[in-house]
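Numbering (mature numbering (1 follows the signal peptide of the UniProt record, and there is no 0)), first residue to last: -32 to -1, 1 to 468.
Written as structure tokens, this is what we have:
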């Protein structure tokens, strides 16, 4: 699972598809220092192999979407999900020539089409248009699969699981304990946890989970509210993230940053641990449609750690995800995301050694300025780096001047795990939910703020922190000033100022 991992400031959304593409291309700082072409990653499935695709439409409107749907069927595909608001259709097909054919059948409608993965899909769509039959089953195996480099959970003994608030150094570092003297958050605020699911029976989470707005997006990228579909299965990641955001103040266990706000479980991690693009698109669109205020995104989208705009499949995927992020932003959703656990400086990195991660063997490839980590490097997403209890940059945390917005605690974070348990986890995945919680408190105290205003305030409120040595002195050195640098961005997130 690629849960984690990286982000930017908000921009207004323009309704045309062309404008959305320009927004993506022009608003993100470079993530690599070379202008060489990126290493190609061919995706050439044989006939009979079911693959998943994004089909992007020239103009986002219902009429054009219907035409694109027909083009998909005429090309030998199945429409899994349509998002007419952003001009994106998610399709599956077992035809090797599907990408080329749908451009012909959808001429004057289809702008781009791209495969969303390199492996055959297991979450196959069933129905009269699906000649390959029912979806695969029996592959939900294993527990607590790793997410994008996050470290394994260290269980906390059961005898220590009462009144653990005193152990939460992370809340004191960001002044959440003081902010909670002002507000524990409003029940009107809803936070979407785009992750591996939340245990709805955990005593610290049960009171705050909004069942009506929870969903499973891992059924091909189609929203599914079947009972139990959004529960955790092979990973404790989402439950841990949820506790940091909004574990209830109930006299037992831990307390989250915003212990009175509501949580929606938006499951975007499948049982094999992958966050494929169609799952993330579904998650962002669902958050916007359900009126969520904040989302947390502790992952990078599989199977590429960096998606390159000089590769047709990868460029089409980036476009689809960017449209979903921008539309959710326009609907009032502000999103926080993890910076990533590769210990990289995102401004100078030229190599991606682990992609595609769903292939038998990754390709060590050259990447360039047009290769981005998504969703973290899409405009409208707040990028969060990770800190230790001493305030140092965690050794695993990505960094980058102009890439990091704020820093937050991410090493050895105590939070909830499935089965009413607790554990310590480390990763930028653990840093991002601290910021999502602060944004939830901010929205509670200042409901009138737009996403762009919230990001501006988050940066302005952050505690400026001078460059320091990273934990274990690993990775690229810090660059910049106390006011803005590559480790802390604008500083350490501050919950108290957020509610003032």
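Glycine is no exception: its CB is placed at the ideal position from the N, C-alpha and C atoms. These numbers come from a predicted model, not from an experiment.
Coil, strand or helix - residue i by DSSP
| i | result |
| --- | --- |
| residue 457 | strand |
| residue 317 | coil |
| residue 419 | helix |
| residue 339 | strand |
| residue 280 | helix |
| residue 529 | There is simply no residue 529 to check, as the chain begins at -32 and stops at 468 in what is shown. |
| residue 195 | coil |
| residue 247 | helix |
| residue 151 | coil |
| residue 391 | strand |
| residue 141 | helix |
| residue 21 | strand |
| residue 209 | helix |
| residue 353 | strand |
| residue 156 | coil |
| residue 303 | strand |
| residue 179 | helix |
| residue 163 | strand |
| residue 231 | strand |
Inter-residue spacing [alpha-carbon to alpha-carbon] between residue i and residue j
| i | j | result |
| --- | --- | --- |
| residue 188 | residue 400 | 26 Å |
| residue 208 | residue 39 | 42 Å |
| residue 384 | residue 68 | 47 Å |
| residue 77 | residue 50 | 14 Å |
| residue 7 | residue 271 | 15 Å |
| residue 454 | residue 70 | 43 Å |
| residue 308 | residue 339 | 15 Å |
| residue 333 | residue 343 | 20 Å |
| residue 424 | residue 259 | 21 Å |
| residue 336 | residue 414 | 40 Å |
| residue 268 | residue 118 | 12 Å |
| residue 227 | residue 233 | 16 Å |
| residue 165 | residue 305 | 17 Å |
| residue 181 | residue 326 | 30 Å |
| residue 386 | residue 292 | 30 Å |
| residue 48 | residue 316 | 38 Å |
| residue 345 | residue 174 | 33 Å |
| residue 200 | residue 183 | 12 Å |
| residue 80 | residue 43 | 14 Å |
| residue 5 | residue 341 | 17 Å |
| residue 257 | residue 358 | 40 Å |
| residue 205 | residue 371 | 25 Å |
| residue 294 | residue 122 | 37 Å |
For residue i, the nearest candidate out of the options (CA to CA)
| i | options | result |
| --- | --- | --- |
| residue 462 | 146, 50 and 85 | 146 |
| residue 369 | 423, 357, 314 and 329 | 314 |
| residue 224 | 144, 363 and 388 | 144 |
| residue 429 | 464, 186 and 445 | 464 |
| residue 229 | 198, 261, 205 and 201 | 261 |
| residue 280 | 83, 31, 58 and 33 | 83 |
| residue 12 | 85, 27 and 26 | 85 |
| residue 273 | 116, 149 and 303 | 116 |
| residue 443 | 367, 427, 371 and 373 | 367 |
| residue 467 | 431, 412, 448 and 446 | 412 |
| residue 56 | 457, 242, 289 and 446 | 289 |
| residue 373 | 203, 447, 457 and 196 | 457 |
| residue 72 | 54, 41 and 348 | 41 |
| residue 231 | 158, 203, 452 and 44 | 158 |
| residue 21 | 9, 88 and 27 | 88 |
| residue 163 | 451, 45, 446 and 213 | 213 |
| residue 427 | 242, 351, 58 and 211 | 351 |
| residue 299 | 452, 217, 194 and 252 | 252 |
Nonlocal neighbours in the same chain, by C-beta distance under 6 Å from residue i, ignoring five residues either side
| i | result |
| --- | --- |
| residue 398 | 378 and 381 |
| residue 255 | 160, 263, 296 and 301 |
| residue 139 | 145 |
| residue 52 | 30 and 33 |
| residue 74 | 36 and 39 |
| residue 277 | 283 and 338 |
| residue 394 | 119, 379 and 380 |
| residue 312 | 366 |
Own chain residues within Cβ distance below 8 Å of residue i, not counting five before or after
| i | result |
| --- | --- |
| residue 142 | 225, 376, 377, 402, 406, 460, 461, 462 and 463 |
| residue 124 | 132, 382, 389, 390, 391 and 392 |
| residue 475 | Given that the chain is displayed from residue -32 to residue 468, the structure contains no residue 475 and the question cannot be resolved. |
| residue 3 | 336 and 337 |
| residue 60 | 18, 19, 20, 21, 45, 46, 48, 89, 92, 93, 98 and 188 |
Check: residue i C-beta below 7 Å from any heavy atom of the ligand NAD
| i | result |
| --- | --- |
| residue 120 | As for the ligand NAD, it is missing from this structure, which has no ligand bound. |
Residue-chain proximity (residue i, chain C), Cβ-Cβ < 8 Å
| i | result |
| --- | --- |
| residue 229 | Absence of chain C from the displayed structure is noted, only one protein chain being present. |
**Report entry** Cβ contact check for the segment 14 to 33 and the segment 59 to 78: 3 or more pairs under 8 Å
**Finding:** Touching, per the Cβ criterion.
Query raised in the report: Is it a yes or a no for the segment 402 to 410 touching the segment 146 to 159, going by three-plus beta-carbon pairs under 8 Å?
Result: Yes, the segment 402 to 410 is in contact with the segment 146 to 159.
Query - Meets three-Cβ-pair contact criterion under 8 Å: the segment 241 to 254 and the segment 189 to 204 - result: Verdict: yes, contact present.
**Report entry** Three-pair Cβ contact test at 8 Å for the segment 436 to 443 versus the segment 353 to 365
**Finding:** Enough Cβ pairs lie closer than 8 Å, so yes.
Query raised in the report: Do three or more CB pairs link the segment 167 to 175 to the segment 234 to 244 at distances below 8 Å?
Result: As far as the Cβ criterion goes, the segment 167 to 175 does not touch the segment 234 to 244, which means the pair count is below three.
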